[in-house]
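Throughout the sequence shown, residue numbering follows mature numbering (1 follows the signal peptide of the UniProt record, and there is no 0), covering -22 to -1, 1 to 336 in sequence.
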Amino acid sequence: MSRAAPAAVGVVLLACGQLAAALRTQGQSKAAPSGSQDGRCLEISDRETCENSRARLNVTCRGWGGSACLPRRGAKAESITDPAICEQALLLLGVETLGWGGKCLAPGAACGDITSPHACGDSKARFGLTCAGWGGSSCLAPDDSARLITNKTICENSMAWLGIPSQGLLGLFCRPKFVPCAEIRTQQRCKELAGKHKVCAGWGGHSCLEHSSPARSITSESICQSSTQFLGIPSIGWSGSACLSAEDASCHDITDREVCEQSAKRLGLKCAGWGGRACLMRGSPLSMIRDPAACKDSLAITGTPSLGWGGSSCLEANDGCASITSKKICKDSRSRLGLTCGGWHRKLGCLEQELMHH
């Protein structure tokens, strides 16, 4: 055997070793748990790769959230940074949201989570949240302290505009007119004032409540269920995200499907049914229906017939092509909805027929 022979054998053995290592790595990659796949989704930085991750990378991701590729597990509303994607997150990503309020809001969000003044002012209609209004730098709840108001004009008109009493601006802070129980931040101190001194009603879950506090101030389901016994504050029960009182509760306040379907038994409210994201009653606007099956039965549920499903919501009789959010539905609009549309535009969405040639 020549001197070159041992070297050649060594090269062959080295190559075989490298091949075996590669095969082991490949096998480990194929058997990688879903957690590894979730991590790879988070490494994707562009929308096109994210939406084609299965074909390109053999990784199954939930979809694009606006600035990041969301994994199948652990995707939350807070991860979505695009308003349009947030509004259609249940359809596009299978992630339930309340909608866009300056950021994407998760079910159970509070007034303080809203970062847009406009969304704060329209919080009841858009998110089912009863907020006092914008305080200058944050969205305030009805029982928030005047200390959270950061705008001089708002502070001086806080009672008229927000229902929150104040004594005007002192330095950078708006002075509360009095120190309410809601200013007490510890459960122990609240318990002392509620028990021995009877100054406060008691602890409502996240804050200390006045005797005159509305049931909606209670943020704990267990406290809400026994609110009269614990706090002397009457309520009809828990909506899924808030404690309701008989005076101002409606089916639209209910955010939990099971509660909605048992609303008569649990809350004494006669509701029509679940619309996919909200509890409906007779006369509810069809835009609140976010489920295709419920849209099909809109006449029976709400008493209002619909054109049909538009891709993300149920369409009213007077809605046009611009309300359609699905490319497929837009193209089949005549057969599906009885609408003659001008086609689908990548940026503008579904066009009215008269816009087709413009």
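Heads up, the beta-carbon is just placed ideally off N, CA and C, and yes, glycines get one too.
C-alpha gap between residue i and residue j, whole angstroms
| i | j | result |
| --- | --- | --- |
| A172 | T282 | 49 Å |
| G113 | T128 | 6 Å |
| T3 | G327 | Only weak support exists for where T3 lies, its pLDDT of 39 falling under 50; the value from the coordinates is given anyway. Roughly 45 Å between the two C-alpha positions. |
| K243 | D234 | 14 Å |
| P85 | G43 | 17 Å |
| T197 | G17 | 35 Å |
| C89 | S313 | 42 Å |
| L150 | S204 | 40 Å |
| L71 | G41 | 6 Å |
| K309 | C319 | 8 Å |
| S291 | K102 | 19 Å |
| R324 | I307 | 14 Å |
| T27 | R34 | 7 Å |
| V237 | G146 | 42 Å |
| C221 | G77 | 21 Å |
| K8 | C39 | Residue placement at K8 cannot be trusted, given a pLDDT of 44 that sits under 50; what the coordinates show is reported in the next sentence. Rounded to the nearest angstrom, the two C-alpha atoms are 16 Å apart. |
| L(-9) | N36 | At L(-9), the pLDDT of 40 sits below 50, so the modelled position is not reliable and the matter cannot be decided from this model. |
| A(-15) | S14 | Because the pLDDT of A(-15) is 45, which lies under 50, any placement of that residue in the model is unreliable, and the number read from its coordinates should be weighed accordingly. Straight-line Cα distance between these residues: approximately 39 Å. |
| C249 | D231 | 11 Å |
| G251 | E134 | 44 Å |
| L148 | C98 | 25 Å |
| S284 | A179 | 47 Å |
| T75 | L68 | 7 Å |
| G5 | R50 | Any reading at G5 must be qualified, since the residue scores a pLDDT of 40, below 50, and its modelled position is unreliable; no value is offered. |
| V177 | A193 | 18 Å |
| L160 | I132 | First, the amino acid is wrong: residue 160 is Ala here, not Leu. Distance between the alpha carbons of A160 and I132 is about 20 Å. |
| G286 | C117 | 36 Å |
| I162 | F208 | 18 Å |
| S23 | K274 | 39 Å |
| A87 | E56 | 11 Å |
Those residues which DSSP pairs with residue i across a bridge
| i | result |
| --- | --- |
| F208 | DSSP output for F208 lists no bridge partner at all. |
| P154 | S144 |
| W181 | C186 |
| W78 | C82 |
| E65 | The partner list for E65 (beta bridge, DSSP) is empty, contrary to what the question assumes. |
| G218 | Looking at the DSSP assignment, G218 forms no beta bridge with any residue, so it has no partner. |
| G321 | L329 |
| W112 | C117 |
| L48 | G41 |
| L258 | G251 |
| C292 | W287 |
Option nearest residue i by Cα separation, candidates the options
| i | options | result |
| --- | --- | --- |
| K81 | T93, L71, E74 | T93 |
| I58 | P49, S45, N296 | S45 |
| G261 | L247, S276, T164 | S276 |
| L247 | S265, R34, I267, S213 | S213 |
| A278 | G253, S301, A160 | G253 |
| R167 | M137, P154, C186 | C186 |
| K130 | P120, T108, R153 | R153 |
| E239 | E225, R255, D226 | R255 |
| G218 | F208, E199, G210, E225 | E199 |
| S195 | A179, D121, G210 | D121 |
| Q66 | G289, W322, G79, K169 | G289 |
| T303 | R268, T280, K274, E332 | R268 |
| P263 | R25, R104, S223 | R104 |
| R25 | T164, V73, D60 | D60 |
Endpoints, beta strand (DSSP E) assigned at residue i
| i | result |
| --- | --- |
| S144 | 144 to 148 |
| L171 | Careful: L171 lies outside any beta strand (DSSP E), inside the alpha helix (DSSP H) at 165 to 173. |
| L35 | Premise fails: L35 lies in the alpha helix (DSSP H), 31 to 35, not in any beta strand (DSSP E). |
Expected contact under 8 Å - CB spacing of residue i and residue j to nearest Å
| i | j | result |
| --- | --- | --- |
| G182 | L140 | Between L140 and G182 the Cβ distance is about 20 Å, and since that is not below 8 Å, they are no contact. |
| A124 | P143 | 7 Å |
| C229 | W216 | With a Cβ gap of about 14 Å, C229 and W216 do not count as contacting. |
| C47 | L20 | 7 Å |
| A300 | E330 | 6 Å |
| A227 | L245 | 7 Å |
| H189 | G210 | 6 Å |
Delimiting residues of the alpha helix (DSSP H) encompassing residue i
| i | result |
| --- | --- |
| C273 | 270 to 274 |
| H96 | 95 to 99 |
| L285 | Note, L285: premise wrong, no alpha helix (DSSP H); not H, not E. |
| L126 | Segment: none, L126 is in no alpha helix (DSSP H) and carries neither H nor E. |
| R244 | 241 to 245 |
| T200 | According to the sequence displayed, residue 200 carries Ser and not Thr. Looking at the DSSP string, the run of the alpha helix (DSSP H) that includes S200 is 199 to 203. |
| K309 | 305 to 309 |
Neighbour flag for residue i against chain E, beta carbons, 8 Å
| i | result |
| --- | --- |
| A97 | Protein chain content of the structure displayed is limited to a single chain, and chain E is not contained in it. |
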